[in-house]
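These notes are about the structure you will find just below.
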Ligand code: BF8
Ligand code: SF4
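In the working numbering, the protein residues as written are 4 to 678.
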């Protein structure tokens, strides 16, 4: 079973490069029935979407695809054109391995910046609330505040809520710009002892988020670091800075907006209601979107006075996930199909904040009655409306936006629309806390033991964490759905975030009615047992896959892993836990991946990042990382092979754990910590 001895499962993707874009001239690149209906309906309309643009971009530059195009200084772009001689290096003499390592690490720095800057915005909201500078936000989840304070080593004794909140906010801000050599608190407070030591030994624990990014940009400047191992490990440090920023985002969002609890909702374009004022929340920052959702009910009368049946909020991308998790707001769709939501003709207003917003939404909105409103100073789209959002004027801005949407609704009357009648029931809202509540009905003292018992008995194969994006290179949602179906059937416990969670939500994988058909017998039995024991609080049952939130909530997936490791008495690389980003697209996906590899996790990526141009860097990511950290990348674009590789990685760990346990018992010795 050991993975590296299994000759069938090679480290390289099983699909050759030129075959990776399946059916490259076809724009119907989706398995989502609602998206397919929309694409068919508008086929000859002349409206251009990402699906058309992806086809138009083919074939894409092979140098860029493999990562051997360098634009780091303006002697370039330099391309590695051969294996020997002058053309095998950049003008400065940089090898393919230096160029590839620099390019990929810079992507991780971009991802870490995005996640952590989002976190910083949220911390400032908490700080303003704690100091009484805004009446629009307050500490909603005091228990979480106290838990977080205790985790990061802040004493709550004798402090009122706001004093404690201020101290937590300032400590979080310190993680962005700490001037000492102490590693970030929101990282080390949440790790196993083994990981803490590993990161110290390898010098990859960030002392501040900003510094980790700046340091990476410096070391990958022209003529600085040429050593691919050193560059990739600096990239892993950025991955851990990303982890820190994500953890801050999740913790502080929970404190200000509440920690998610299971909720019932729906997903896919069928959630849009032609007779209501449809407001689509798109982006990532939950503060404005949650304010809109909270203020919505008091604006219902204004909507009705305008002739609407009410206000319908729905979400796209991670802002959508945030309001789904906390308020049960339905999901309209995910990243690749964002323009299609506008093309229904019933989206009165789409409000966007930061990240994953296609600039094209403005052009598509021109053809329909949709207002696009940007809200952040660093994220504007020419031609759209801008309403500046800040924590001190949140409610006021939210009211303005809702009134704009009501106006837009009035103008929409009599215009054509086309809303596919496609949606699925969704149970979401699973924080680690809420999952442990469920598990505690099986084991009150050590809730996580409930799952570990299943794994150790061989009934459940382990945990797979699905995260990340859509990528228009893939057939929209196909990798997510095929891989999750394969793993569920093999009794793998699934948690998920981001657009991956949305793909599953749309496809009915979060509808409890499908558990018996989707899950292997043992997993289904475990889920039913949990349902039965929790039936007083769970009104609608449990889904096959657990939605743990937005992309910053990948921190919840790290916490789940750490809790498993601590409960099992081992470090993370021994835990039967894998991660997958089946359709990775953004820089954030790269930084999240780096964080999981450093945290000891076999991490599958289903779309190729630009790394194949250097065999050396490829090997560092897939093999040397494993030797050093226990985690490694698995690049595989074929979903069937990817499923096999993920299962093999889980089975290998379970097998090894079994051997180590047997040895420990036989010789009455402590369990080895080797992995
Ligand atoms: O932060 S999964 S496409 S929406 S980057 Fe973007 Fe990717 Fe979707 Fe969420 Ni995450
Ligand atoms: Fe070319 Fe070197 Fe400049 Fe990169 S840093 S563009 S390889 S000269």
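Positions of the beta carbon are idealized from the N, C-alpha and C atoms, including for glycine.
As the structure is a prediction and not an experimental result, all values here were calculated from the model.
Specify the secondary structure class of residue i as computed by DSSP and reduced to three states.
i, result
"residue 605", "strand"
"residue 315", "strand"
"residue 543", "coil"
"residue 512", "coil"
"residue 7", "In this prediction, residue 7 has a pLDDT of 48, which is less than 50 and means its spatial position is unreliable; nothing more can be read from the coordinates."
"residue 550", "strand"
"residue 351", "strand"
"residue 678", "coil"
"residue 475", "coil"
"residue 72", "strand"
"residue 502", "helix"
"residue 98", "coil"
"residue 107", "helix"
"residue 134", "coil"
"residue 619", "helix"
"residue 654", "helix"
"residue 465", "strand"
"residue 236", "helix"
"residue 379", "strand"
"residue 442", "helix"
"residue 324", "helix"
"residue 637", "strand"
"residue 3", "What the structure shows of the chain is the stretch from 4 to 678, and residue 3 is not part of that stretch, so it cannot be assessed."
"residue 40", "helix"
"residue 285", "strand"
"residue 420", "coil"
"residue 374", "strand"
"residue 22", "helix"
With residue i and residue j assumed to form a contact (beta carbons below 8 Å), what rounded beta-carbon distance in angstroms separates them?
i, j, result
"residue 298", "residue 398", "6 Å"
"residue 545", "residue 535", "That belief does not hold up - the Cβ atoms of residue 545 and residue 535 are roughly 10 Å apart, past 8 Å."
"residue 663", "residue 637", "Not really, about 23 Å apart at Cβ, beyond 8 Å."
"residue 479", "residue 32", "6 Å"
"residue 215", "residue 190", "Actually they do not touch by this definition, with Cβ atoms about 10 Å apart."
"residue 296", "residue 129", "The pair is not a contact, with the Cβ atoms about 19 Å apart (cut-off 8 Å)."
"residue 250", "residue 433", "At roughly 17 Å, the Cβ-Cβ gap does not stay under 8 Å, so residue 250 and residue 433 are not in contact."
Could you tell me the alpha carbon to alpha carbon distance between residue i and residue j, rounded to whole angstroms?
i, j, result
"residue 577", "residue 199", "15 Å"
"residue 279", "residue 424", "16 Å"
"residue 628", "residue 201", "12 Å"
"residue 242", "residue 212", "10 Å"
"residue 452", "residue 581", "18 Å"
"residue 679", "residue 612", "Residue 679 lies beyond the stretch modelled for the chain, which goes from 4 to 678, so this question has no answer here."
"residue 387", "residue 282", "15 Å"
"residue 4", "residue 590", "Residue placement at residue 4 is poorly supported in this model, since its pLDDT is 44, which falls under 50; the coordinates still yield a value, given next. Computed Cα separation, rounded: 33 Å."
"residue 99", "residue 20", "18 Å"
"residue 217", "residue 642", "36 Å"
"residue 392", "residue 253", "20 Å"
"residue 8", "residue 511", "Interpretation of residue 8 is limited by its pLDDT of 44, a score under 50 that renders its predicted location unreliable; no figure is taken from the coordinates."
"residue 113", "residue 286", "17 Å"
"residue 529", "residue 86", "54 Å"
"residue 667", "residue 660", "10 Å"
"residue 2", "residue 520", "Residue 2 lies beyond the range of the chain shown here (4 to 678); nothing can be said about it."
"residue 468", "residue 414", "44 Å"
"residue 361", "residue 461", "44 Å"
"residue 197", "residue 653", "20 Å"
"residue 555", "residue 329", "15 Å"
"residue 133", "residue 165", "5 Å"
"residue 195", "residue 603", "11 Å"
"residue 50", "residue 56", "11 Å"
"residue 572", "residue 146", "27 Å"
"residue 52", "residue 595", "28 Å"
For this session: Pair every Cβ in the segment 657-676 with every Cβ in the segment 618-627, then say whether three or more of these pairs are closer than 8 Å.
Result: no
Problem set entry | Closer than 5 Å to ligand 2: residues, by C-beta to nearest heavy atom, in chain order | 73, 75, 76, 78, 79, 81, 93, 94, 95, 97, 225
Exercise. Counting Cβ pairs closer than 8 Å, one from the segment 68-80 and one from the segment 94-110, do we hit at least three?
Worked result: yes
Problem set entry | Contact between the segment 93-103 and the segment 133-149 (3+ Cβ pairs under 8 Å) | no
Problem set entry | Any 3 or more C-beta pairs closer than 8 Å across the segment 300-317 and the segment 468-479 | no
Problem set entry | Contact between the segment 642-661 and the segment 483-496 (3+ Cβ pairs under 8 Å) | yes
For this session: Give a yes or no on contact between the segment 374-384 and the segment 353-363, applying the rule of three or more CB pairs nearer than 8 Å.
Result: yes
For this session: Would you check if the segment 162-180 and the segment 253-269 touch, i.e. whether three or more CB-CB distances between them fall below 8 Å?
Result: yes
Exercise. Counting pairs of Cβ atoms below 8 Å between the segment 502-517 and the segment 307-325, do you hit three or more?
Worked result: yes
Exercise. Does the pairing of the segment 329-344 with the segment 34-48 give three or more beta-carbon distances under 8 Å?
Worked result: yes
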